[in-house]
Amino acid sequence: MTAQTDESVEHRRLVIAGSGIAGLSAAIYAGRANNDPLVLEGDEPGGQLTLTTEVENYPGFPEGISGPELIQNMKSQAERFGADIRHGVVETVNDDERPVILNISNGDTYTTDALIVASGASARTLGIPGEDELMGYGLSTCATCDGAFFRGEEIMVVGGGDAAMEEASFLTKFASTVYIVHRREEFRAEDYWVDRIMEHVDNGDVEIMRNTELTELHGTREDGVDYTTLVRHPEGYPSEKLDNPETETFEFDVGAVFYAIGHTPNTEYLHNTGVSLDDRGYLDAAGGDGGGQTKTDAPGIFAAGDVVDYHYQQAATAGGMGVKAALDVDEYLEDLEQNQATTADTDVAAVESDD
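Right, here's the structure in full:
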């Protein structure tokens, strides 16, 4: 392709798309293997962990560590081993030929022998007043990460699917009461999780607020969430019926709010490639036992972290997948070099025989 011969195109042995735990873990291992990784930070540098004020469940930090500090430490460690970390958002990937071509939003173009997709998944939010100010300060999208900070508090969970039921059930370990806020009468969750929640309701651990929506968060970063504004309508979806006389607006005190309304994998740039995605946009990786677990259907493209894992979604598991991806890439690049050397030797032999 002409793009590959353009002077503005930079070739890299390995590009890692994403600078969260998965991407940086891959960068550390890839750097130590002398694979000269280029890390593109994306539009959320550091990933979701930068929204977490205190990380207490990442191994090696008995007193905990802030999310931004952990990410910065990992960046420094990756750079120590030769990782080149740049700001850049991958817009398109062309894997019709090799090397793979990456077009970046700032106009840059890279070619690469191998690509690790570690661009994560973004938690869905409501876009309501107070959200931006309080994210990470009483508002969270990860009960496993942050639930223990709110022992004895009244906690609100927003959502009605499996994730919301699971988060609410988990939070009963810490909360005085968990309030599930759902905009409809019926839940989308499987019967198993609804039954689990109803057991908590019977035990007095959970209260369900049906046909109700959260419309505003109140509080400060210093003191966290103080109270919330909710709307309720007997037929559900009350935020669409604010002018209806049956819609009730009221304030409700809680100590923390957890969103559990799903995640969106950051994989749009992989559409129209050989990488297989499921109907939600998550990547299909090989998995299984032995090596090559992070391979995708496209040769030379590997995946790690929340772009693959929609179940665990923990920093430690994402880091482990990043390590696997780097090791898989190292094996792939070694095989690629051997094949290229064999091809070159064959070509030389063919030329000599013609002479």
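By full-length UniProt numbering, the letter at position 15 of the sequence shown is numbered 15, and the numbering carries on one by one without gaps.
Where is the CB? At the ideal position from N, CA and C, for every residue including glycine.
Owing to the predicted nature of the structure, the values given are computational and were not obtained by experimental measurement.
With DSSP run on the structure shown, which of helix, strand or coil describes residue i?
i           : result
residue 357 : Past the boundaries of the shown model lies residue 357; the chain is included only from 1 to 355, so the question cannot be answered.
GLU331      : helix
residue 356 : Past the boundaries of the shown model lies residue 356; the chain is included only from 1 to 355, so the question cannot be answered.
SER140      : strand
LEU134      : helix
ASN203      : helix
GLU213      : strand
THR5        : Note that THR5 scores a pLDDT of 47, beneath 50, so its modelled location is shaky and nothing firm can be said.
TYR110      : strand
PRO238      : helix
GLN338      : helix
ILE155      : strand
LEU270      : helix
ASP306      : helix
VAL275      : coil
PRO45       : coil
ILE116      : strand
ILE301      : strand
LEU51       : helix
GLY127      : coil
GLY23       : helix
GLY219      : strand
Since residue i is in the beta strand (DSSP E), which residue starts that stretch and which ends it?
i           : result
PRO265      : 263-265
ARG13       : 9-17
ILE180      : 177-181
ALA256      : 256-259
SER122      : 121-123
residue 357 : In the structure as shown, the chain begins at 1 and stops at 355. Residue 357 is therefore absent and cannot be evaluated.
GLU251      : 248-253
May I have the straight-line CA-CA distance separating residue i from residue j, to the nearest angstrom?
i      : j      : result
TYR269 : GLU91  : 5 Å
ALA118 : LEU283 : 10 Å
LYS324 : GLU79  : 19 Å
ARG13  : ILE65  : 33 Å
THR294 : ALA303 : 5 Å
GLN48  : THR220 : 21 Å
LEU70  : ALA121 : 19 Å
GLU186 : VAL178 : 18 Å
ILE101 : VAL93  : 6 Å
MET135 : ASP278 : 29 Å
HIS176 : TYR227 : The question names His, yet the displayed sequence has Ser at residue 176. Taking the straight line joining both Cα atoms gives about 16 Å.
LEU333 : ALA114 : 7 Å
HIS271 : ASP195 : 38 Å
THR296 : GLY319 : 18 Å
GLY255 : GLY130 : 14 Å
THR264 : GLU63  : 32 Å
GLU166 : ALA285 : 25 Å
ASP191 : MET198 : 10 Å
GLY161 : GLU133 : 26 Å
LEU139 : ASP146 : 9 Å
SER76  : VAL15  : 18 Å
PRO45  : GLY290 : 31 Å
VAL225 : GLU213 : 17 Å
Which same chain residues, not among the five before or five after residue i, have their C-beta less than 7 Å away from its C-beta?
i      : result
THR5   : Model confidence at THR5 stands at a pLDDT of 47, short of 50, so the residue's coordinates are unreliable; what they give is reported in the following sentence. Within the same chain, THR5 has no close Cβ partners at all.
ALA298 : ASP95, THR273, GLY274, VAL275
HIS200 : SER169, THR172, VAL206
PHE150 : PHE174, ALA175, GLY255, ALA256
THR317 : ASP309
PRO59  : ALA316
Which residues mark the beginning and the end of the alpha helix (DSSP H) in which residue i is found?
i      : result
ASP96  : No alpha helix (DSSP H) contains ASP96, which DSSP labels as neither H nor E.
GLY224 : Not the alpha helix (DSSP H): GLY224 falls in the beta strand (DSSP E), residues 224-232.
ALA286 : Looking at the DSSP string, ALA286 is not in any alpha helix (DSSP H), and its letter there is neither H nor E.
PHE170 : 162-171
Within a Cβ cutoff of 8 Å, which residues of the same chain sit near residue i, ignoring the five residues on either side of it in sequence?
i      : result
HIS233 : ASN211, LYS241, ASN244, GLU246, THR247, GLU248
GLU10  : ASP108, THR109, TYR110, THR111
GLU337 : none
GLU216 : ILE128, PRO129, GLY130, THR228, THR229
ILE104 : LEU40, GLY88, VAL89, VAL90, GLU91, TYR110
Does residue i get closer than 8 Å to chain D when you measure Cβ to Cβ?
i      : result
GLU190 : Note that chain D does not occur in the displayed structure, where there is just one protein chain.
Leaving out five residues before and five after residue i in sequence, what residues of the same chain have Cβ atoms less than 6 Å from its Cβ?
i      : result
THR2   : No answer about THR2 holds up, because its pLDDT of 40 lies below 50 and its placement is not dependable.
GLY159 : ALA260, ILE261
ALA164 : VAL157, ALA260
ASP43  : VAL89
GLY67  : LEU49, THR50, THR52, VAL55
GLU41  : SER19, HIS87
ASN34  : none
VAL308 : LEU283, ALA285
Would you mind giving the Cβ-Cβ distance between residue i and residue j, rounded to the nearest angstrom? I have them listed as a contact below 8 Å.
i      : j      : result
ILE21  : GLY322 : 7 Å
ALA123 : THR144 : Rounded, the Cβ-Cβ distance is 13 Å, inconsistent with contact.
GLY82  : GLY23  : 15 Å between Cβ atoms; not a contact.
ALA326 : ALA17  : About 14 Å separates the two Cβ atoms, so there is no contact after all.
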